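Residue numbers (this note's numbering): 599 to 920.
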Amino acid sequence: MQTLPLSWSLETNKTETSVTAKYLGEKLKWLSVCSFANHTQFYNLIDYSLDKQNQNLIIRGCNRNIVEYLKIKGYSATMVGMEAVLETSGNHFEKKSIKQIVKRGLRHGSVIELPYSYNNAQQLEDFKTKTIHAAEPQLENLFQTKFTEDNSLYVLVSKKNIWLGAILVSKNGSEKLHTELILRTKDSPVGVLESILEKIFSEAKNNGMLELSLGEVPFVNNGNNGSIISSSYILRKFGRLLKFAYAYDGLYNFKNKFQPRWDDLYVCSKPKIGFEHLVFLFVKSNFHKLVFYKIKSKMKRQKNITKKQNSSNYILPLLDFN
């Protein structure tokens, strides 16, 4: 099956290639999000980029098939995580526990696919401000974040017409969909996201799609640790150090309960990836701001705890009448 790097998409109403790129100086270029009318345009973009002999390139979200193609073109690959893929021929929502949790979610409303409109796009932006991680710096350039004419939006709406959860979906290949944003509020009832995913999966199957990707979980692997001097090994160790800022294990557990196929996921670069590439991705994805925010929040909580403890130590002796 032909697919694109994650969050790159096919857009049926498109005629020209659209590229979002991030630069470090003149020589380092990250092709972060791209869209095409067909796969031929993807191959043309790679061939065109090869003409820029003095430019280092980065493409993330590549599966093994894409890696093999890019290696022929002179790229190297570094494993950065894994992708959870649901095959529509599988029984991912037939498990009793999954059925029960989907049923619980649907008690609170119904799942609908919203047509694109300016108002619906604005509603999504408003909903983002109410989600569980809304106060934190948001990751950027890793996935699609805007509702447009070229992706799909599924929402669980309560009986009072209140959004309880939302999932944005793109077309990652002619027979593959990819979940971009997966959003819920702090007060969303149990089963909301599972109910939306079940609806997307069912419609994908009915529409002849072969796969639904639940997206990437970074810093995890299939048990092969590799060389301790490899970029993949260093990245995973780095990710574990920063688990306090990005709880990828919780993300893994959520996706794994659907019993997906786990595919290795890579960052590809031309030429070989180096330390400056990793720092570049770290900064341009906004991950550094998230880490600093979490450190600051943790220090503030610790300061408040210490303050309360000191206050208690001061008050308790005054209550000792012995």
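For every residue, glycine included, the Cβ atom is placed at its ideal position computed from N, Cα and C. Please read all numbers here as calculations on a predicted model, not as lab measurements.
*Answer yes or no: do residue 793 and residue 704 have a C-beta to C-beta separation smaller than 8 Å?*
Result yes, Cβ atoms of residue 793 and residue 704 sit closer than 8 Å.
*Is the Cβ-Cβ distance between residue 752 and residue 798 less than 8 Å?*
Yes, Cβ-Cβ distance for residue 752 and residue 798 is below 8 Å.
*asked:* If you reduce the DSSP assignment to three classes, tell me which class residue 610 lands in.
replied: Per DSSP, reduced to three states, the secondary structure at residue 610 is coil, with no helix or strand assignment.
*asked:* Output needed for residue 657: all residues of its chain with C-beta closer than 6 Å, excluding positions within five of it in sequence on either side, in chain order.
replied: Hits under 6 Å: 603, 629 and 866.
*Buried versus exposed, by CB contacts within 10 Å (16 or more), residue 661*: It is buried - the Cβ of residue 661 has at least 16 other Cβ atoms within 10 Å.
*Does DSSP classify residue 675 as helix, strand or coil?*
Three-state result, residue 675: strand.
*Cβ atoms of residue 809 and residue 684: under 8 Å apart, would you say?*
Contact flag set, yes.
*Out of 749, 708 and 730, point me to the one whose CA is closest to residue 719's CA.*
It is 749 whose Cα lies nearest to the Cα of residue 719.
*Can you pull the DSSP bridge partners for residue 752?*
In DSSP, residue 752 forms a bridge with 711 and 765.
*According to the neighbour-count rule (16 or more other Cβ atoms, all chains shown, within 10 Å of its Cβ), is residue 858 buried or exposed?*
By the beta-carbon neighbour count (other beta carbons within 10 angstroms, threshold 16), residue 858 is buried.
*Just the C-alpha distance for residue 681 and residue 906, rounded to the nearest angstrom, thanks.*
Each residue's alpha carbon lies about 44 Å from the other.
*My understanding is that residue 608 touches residue 769, with C-beta atoms under 8 Å, so please give their C-beta distance in whole angstroms.*
Between residue 608 and residue 769 the beta-carbon gap is near 5 Å, inside 8 Å, which marks them as a contact.
*Residue range of the alpha helix (DSSP H) that residue 881 falls in?*
Under the DSSP assignment, residue 881 falls in the alpha helix (DSSP H) whose first and last residues are 873 to 882.
*Cβ contact check for the region 877 to 897 and the region 722 to 740: 3 or more pairs under 8 Å*: A contact exists between the region 877 to 897 and the region 722 to 740.
*Going straight from the alpha carbon of residue 826 to that of residue 802, what length do you get?*
With a pLDDT of only 43 at residue 826, under the threshold of 50, the placement of this residue in the model should not be trusted, and no figure is reported.
_Neighbourhood of residue 864 by C-beta, 7 Å cutoff - its chain only, sequence neighbours within 5 removed_ = Excluding sequence neighbours, residue 864 sits near 660, 665, 675, 676, 677 and 678.
*asked:* Please return the same chain residues whose Cβ sits closer than 8 Å to the Cβ of residue 856, not counting the five positions on each side in sequence.
replied: Sequence-distant partners of residue 856 (beyond 5 residues in either direction) whose C-beta falls short of 8 Å from its own C-beta, in its chain, are 682, 684, 690, 691, 696, 795 and 812.
*Would you decide whether residue 741 is buried or exposed? Buried here means 16 or more other CB atoms lie within 10 Å of its CB.*
Answer is buried; the Cβ neighbour count reaches 16.
*Of the residues 771, 790, 641 and 743, the one placed nearest residue 670, counting alpha carbons only*: That would be 641, whose Cα lies nearest to the Cα of residue 670.
*Under a CB-based cut-off of 8 Å, is residue 798 close to chain D?*
Absent from the structure is chain D; it holds one protein chain and no more.
_In the DSSP output, what is residue 634 paired with across the bridge?_
In the DSSP output, where bridge partners are listed per residue, residue 634 has 608.
*Could you pull the start and end residues of the alpha helix (DSSP H) that residue 786 belongs to?*
Where residue 786 is concerned, there is no enclosing alpha helix (DSSP H), given that its DSSP letter is neither H nor E.
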